[in-house]
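Engineer: Next up is a structure, given as structure tokens.
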Amino acid sequence: MPLILTEEQEMLKESAQRLLDEKAPVAALRKLRDERSEDGFSRALWKEMAEMGWAGILVDEAHGGSGFGFVGAGVVAEEMGRTLTASPFLSTSILAATALNKFANDAQRGEYLPKISGGAVVMALAVDEGRKHGPVNIAMKAEKSGNGFKLSGSKTFVADGHVADKVIVAARTGGAPGEEAGISLFLVDAKAKGVSAERTQMVDSRNAARLNFDNVAVTGEDVIGDIDNGYMAL
Numbered sequence: 108m109p110l111i112l113t114e115e116q117e118m119l120k121e122s123a124q125r126l127l128d129e130k131a132p133v134a135a136l137r138k139l140r141d142e143r144s145e146d147g148f149s150r151a152l153w154k155e156m157a158e159m160g161w162a163g164i165l166v167d168e169a170h171g172g173s174g175f176g177f178v179g180a181g182v183v184a185e186e187m188g189r190t191l192t193a194s195p196f197l198s199t200s201i202l203a204a205t206a207l208n209k210f211a212n213d214a215q216r217g218e219y220l221p222k223i224s225g226g227a228v229v230m231a232l233a234v235d236e237g238r239k240h241g242p243v244n245i246a247m248k249a250e251k252s253g254n255g256f257k258l259s260g261s262k263t264f265v266a267d268g269h270v271a272d273k274v275i276v277a278a279r280t281g282g283a284p285g286e287e288a289g290i291s292l293f294l295v296d297a298k299a300k301g302v303s304a305e306r307t308q309m310v311d312s313r314n315a316a317r318l319n320f321d322n323v324a325v326t327g328e329d330v331i332g333d334i335d336n337g338y339m340a341l
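Given below as structure tokens:
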């Protein structure tokens, strides 16, 4: 059954077509690739996208977003796919925003959703540890330390991991690899002591990285959702 867009969604689609045709044609991705851009995307263009309401497309108006929802996000993503636009739209505006919307507490949403909407922060979701997607196989440890935790382990193929300001990390507070129970989510500062990033060169020029965590300290306030119940967010 074909999807029939509302008038507002059609306007969103048309504005996305105009901006991306002008500012992000396929040639722009080739230029980023050939110049070996450290970021892998244009921060100026991302700021412009935020001003258009795309960065906060899944964020409600109360938190500075445009609130177009998943259909609107799909409309923008389709146009980005047409022009092969490089941006942190997937990592920040879809994956991180969805996790925060559904599982973060009021304080976390109040702090980070406006930053996402304004294009002021790039976020990444760090889940996988091998070559294939498999959240149930998470082995990375989050060991209790005082009122917080210490994270140790590595994550692979983290979208926009090397340019992220904040990373939502899935780690084990209980259970064993292969079990859904025992996985928790943590908000980690990408520049925190013990965090390092190694950019992964992808054949299709997408941004990805291996993130390493060496005894990285987080507090109880950095936990997203309930301890041991993070699998449902993945």
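Per the numbering used here, residue 108 is the first one in the sequence shown, and the count goes up by one each step. Note that CB positions come from ideal geometry on N, CA and C, so glycine has one too.
1) Buried or exposed: where does Ile-111 fall if 16 or more other Cβ atoms within 10 Å of its Cβ makes it buried?
2) If I follow the unbroken alpha helix (DSSP H) through Leu-119, where does it start and stop?
3) Give me, in chain order, the residues of the same chain whose beta-carbon lies closer than 8 Å to that of Gly-226; leave out the 5 immediate sequence neighbours on both sides.
4) For my contact list, Ala-249 and Ala-278 are in at a C-beta cut-off of 8 Å; report their separation, rounded to the angstrom.
5) Assign Glu-222 to buried or exposed, taking buried as 16 or more other Cβ atoms, counted over all protein chains shown, within 10 Å of its Cβ.
6) Where does Ser-224 land, buried or exposed, given buried means 16+ other C-beta within 10 angstroms?
7) Check for me: the beta strand (DSSP E) holding Arg-189 runs from which residue to which?
8) Go ahead and label Glu-186 buried or exposed: buried means 16 or more other beta carbons lie within 10 angstroms of its beta carbon, across all protein chains shown.
9) Do Gly-171 and Ile-164 come within 8 Å of each other at the CB atom, strictly closer than that value?
10) Where does Arg-306 fall in DSSP's three states?
11) Using beta carbons (cut-off 8 Å, strictly below), is Arg-137 in contact with chain C?
12) By DSSP, does Phe-210 sit in helix, in strand, or in coil?
13) Go ahead and pull the three-state DSSP assignment for Ala-233.
14) Should Asp-333 be labelled buried (16 or more other beta-carbon atoms within 10 Å of its own) or exposed?
15) What does a CB cutoff of less than 8 Å around Lys-300 pick up in its chain, not counting 5 residues either side in sequence?
16) Evaluate Met-108 with the Cβ neighbour count: other Cβ atoms within 10 Å of its Cβ, from every protein chain shown; 16 or more gives buried, anything less gives exposed.
17) Quick check: the region 259-276 against the region 236-248, are at least 3 beta-carbon pairs closer than 8 Å?
18) Take Ala-316 and list the residues in its own chain whose beta-carbon comes closer than 7 Å to its own, dropping the five residues that flank it on each side.
19) Considering only the alpha carbon of each residue, which of Val-166, Gly-147 and Val-178 lies closest to Thr-113?
20) Contact check, Ala-340 vs Leu-292 under 8 Å by CB: the rounded distance?
21) May I ask you to list the residues that DSSP assigns as paired with Val-270?
22) In its own chain, which residues sit with a C-beta less than 6 Å from the C-beta of Phe-256, not counting the 5 before and 5 after it?
23) Taking Arg-238 as the reference, give the member of Asp-141, Met-309 and Leu-127 with the closest Cα.
Structural biologist: Quick answer:
1) Here residue 111 corresponds to residue number 4 of the sequence shown, with the count starting at 1. It counts as exposed.
2) For the purposes of this step, residue 119 is taken as the residue at position 12 of the sequence shown. Counting along the chain, the alpha helix (DSSP H) containing Leu-119 begins and ends at 114-130.
3) In the sequence shown, counting from the first residue as 1, residue 226 sits at position 119. Taken in chain order, the residues that qualify are Trp-153, Lys-154, Met-156, Ala-157, Glu-158 and Ala-162.
4) Against the sequence shown, residue 249 aligns to sequence position 142. Against the sequence shown, residue 278 aligns to sequence position 171. So it is a contact: roughly 4 Å between Cβ atoms.
5) Locating residue 222 in the sequence shown gives position 115, where the first residue counts as 1. Inspection of the sequence shows that residue 222 is occupied by Lys rather than by Glu. Buried.
6) To locate residue 224, count along the sequence shown from 1; it is residue 117. Around the beta carbon of Ser-224, a 10 Å sphere encloses 16 or more other beta carbons of the protein chains shown; the residue is thus reported as buried.
7) Residue numbering aside, residue 189 sits at position 82 when the sequence shown is read from its first letter. Careful: Arg-189 lies outside any beta strand (DSSP E), inside the alpha helix (DSSP H) at 176-190.
8) Counting from 1 along the sequence shown, the entry for residue 186 is found at position 79. Residue burial annotation: Glu-186 is buried, with at least 16 other C-beta atoms found within 10 angstroms of its C-beta.
9) Against the sequence shown, residue 164 aligns to sequence position 57. Against the sequence shown, residue 171 aligns to sequence position 64. Not in contact: Ile-164 and Gly-171 (Cβ atoms no closer than 8 Å).
10) In the sequence shown, the residue the question calls residue 306 occupies position 199. Per DSSP, reduced to three states, the secondary structure at Arg-306 is strand.
11) In the structure shown, chain C cannot be found, because there is only a single protein chain.
12) As a first step, residue 210 must be located in the sequence shown, where it is residue number 103. It is helical.
13) Reading the sequence shown from its first residue, position 126 is the one you call residue 233. Of the three classes helix, strand and coil, the one that applies to Ala-233 here is strand, per DSSP.
14) Here residue 333 corresponds to residue number 226 of the sequence shown, with the count starting at 1. Its Cβ having fewer than 16 others within 10 Å, Asp-333 is exposed.
15) Position 193 of the sequence shown, counted from the start, is the residue given in the question as residue 300. Cβ neighbours of Lys-300 beyond the five flanking positions: Val-323 and Ala-324.
16) Sequence index remark: in the sequence shown, residue 108 carries index 1 (1-based). Confidence at Met-108 is low in this model, with a pLDDT of 41, below 50, so the placement of that residue should be treated as unreliable; the coordinate-derived value is given next. The Cβ neighbour count for Met-108, taken over all protein chains shown within 10 Å, is under 16; the residue is labelled exposed.
17) As far as the Cβ criterion goes, the region 236-248 touches the region 259-276, which means the pair count is three or higher.
18) Counted from its first residue, the sequence shown places residue 316 at position 209. Result list for Ala-316: Val-265, Gly-268, His-269, Ala-304, Glu-305, Arg-306 and Thr-307, in chain order.
19) Walking along the sequence shown from the start, residue 113 turns up at place 6. Thr-113 has its Cα closest to that of Val-178, out of Val-166, Gly-147 and Val-178.
20) On the sequence shown, position 233 is the one that residue 340 refers to. On the sequence shown, position 185 is the one that residue 292 refers to. The pair is a contact, with the Cβ atoms about 6 Å apart (cut-off 8 Å).
21) As a working note, residue 270 is residue 163 in the sequence shown. Per DSSP, Val-270 has no beta-bridge partner at all.
22) By 1-based counting over the sequence shown, the position of residue 256 is 149. Excluding positions up to five away in sequence, the list reads Ala-249 and Val-325.
23) As a first step, residue 238 is located in the sequence shown; it is residue number 131 there, counting from the start. Looking at the Cα atoms, Met-309 is the closest of the given residues.
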